[in-house]
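Reading through the structure tokens given below for one structure.
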Amino acid sequence: MTRVLIVDDDRQLLRALAINLRARRYDVDTAADGTSALATAGTRPPDLVILDLGLPDLDGVEVVHGLRGWCAAPIIVLSAREAQADKVAALDAGADDYVTKPFGMDELLARLRAALRRTQPDAGTPVIVRTDAFSIDLAARRVSTSAGDVRLTPTEWSLLEILVRNAGKLVSQKQLLHDVWGAGYEAETNYLRVYLAQLRRKLELDPARPTHLITEPGMGYRFQP
């Protein structure tokens with residue numbers, strides 16, 4: 037069974053989420069604060085985390101940082117905070133998705149399923165992809181060049197993984213923004229320019245003349261092996 041860790045100090049919401057997920061045959065752990073969440077994740081590693089930001093002891097972003105030090109499980113933030121700065125901080129810290137309260141249960145479950153699908157290697161996609169400049173191990177979430185392993189932020193990895201899993205295909209700006217930053221960010225094309233520039237500096241032999249992370253002006257991006 038897929039194990040989901042739910043972290044929220046709203047006991048009523050915590051119980052409702054647990055009931056809904058268990059009814060759909062998920063194995064559920066719960067925590068009402070950040071310290072308990074990290075301890076639970078350490079003893080029972082989750083396959084996915086649903087996390088509130090407004091916890092009584094730690095800010096949710098601190099919990100994301102704590103988990104990302106060792107845990108690759110998708111993290112879906114579930115928060116009443118609507119400010120763009122809060123969303124960006126959580127996503128840059130390593131969260132995979134951001135859902136604003138109040139929310140629809142069907143939408144949350146759909147996002148949960150989508151996040152879990154992204155963690156499963158596609159049978160039609162090679163697990164390891166090699167180019168003349170770098171290699172990518174999708175299963176291990178590892179990127180390396182001739183100089184050694186390359187450290188990517190969670191956001192950089194998410195972008196790269198989507199492009200690699202669609203090798204040779206145009207991935208639209210709108211799709212990338214939605215899949216990495218979430219609904220409501222489809223117009224923030226400047227995010228893509230910044231993060232693709234960072235990826236090229238880390239991976240391309242000549243970042244000014246990229247041969248693998250290609251821009252299709254006005255349309256999107258393409259990974260060319």
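Counting along the sequence shown from 1, when you hit position 29 you're at 65 in our numbering, and nothing is skipped either side.
Where is the CB? At the ideal position from N, CA and C, for every residue including glycine.
Under the DSSP assignment, Leu174 falls outside any beta strand (DSSP E); it carries neither an H nor an E label.
Distance check between Met37 and each of Leu49, Thr76, Ile172, Asp83 places Asp83 closest, using alpha-carbon atoms only.
Note that the C-beta distance between Ile86 and Ile42 is below 7 Å.
The region 138 to 153 and the region 91 to 102 do not touch, with fewer than three beta-carbon pairs separated by less than 8 Å.
The DSSP assignment places complete beta strand (DSSP E) segments of no fewer than 3 residues inside the region 113 to 162 at 133 to 136, in order along the chain. Residue pairing by DSSP leaves Asp44 without any beta bridge partner. An exposed status is given to His101, since fewer than 16 other beta-carbon atoms sit within 10 Å of its beta-carbon. The C-beta distance from Gly254 to Leu206 rounds to 11 Å, too long to fall under 8 Å, and the pair is not in contact.
A distance below 7 Å separates the beta carbons of Val165 and Val200.
The DSSP-derived three-state label of Gly220 is coil. Under a 10 Å Cβ-count criterion, Arg147 is classified as buried, with 16 or more other Cβ atoms of the shown protein chains found around its own Cβ. According to DSSP, residue pairing for Thr251 in a beta bridge involves Tyr257. For Ala77, no beta strand (DSSP E) run applies; the uninterrupted alpha helix (DSSP H) run containing it begins and ends at 70 to 79, by DSSP. Residue pairing for Gly184: DSSP places it in a beta bridge opposite Thr181. Spanning the alpha carbons of Gly78 and Trp193 requires a straight line of approximately 23 Å. Excluding its 5 nearest sequence neighbours in each direction, Ala125 has C-beta neighbours in its own chain below 7 Å: Val97, listed in chain order. Secondary structure at Gly90: strand, using DSSP grouped into helix, strand and coil. For Asp65, the beta-bridge partners assigned by DSSP are Leu41.
Considering only Ala121, Glu118, Ala108, the residue with the shortest C-alpha distance to Thr155 is Ala108.
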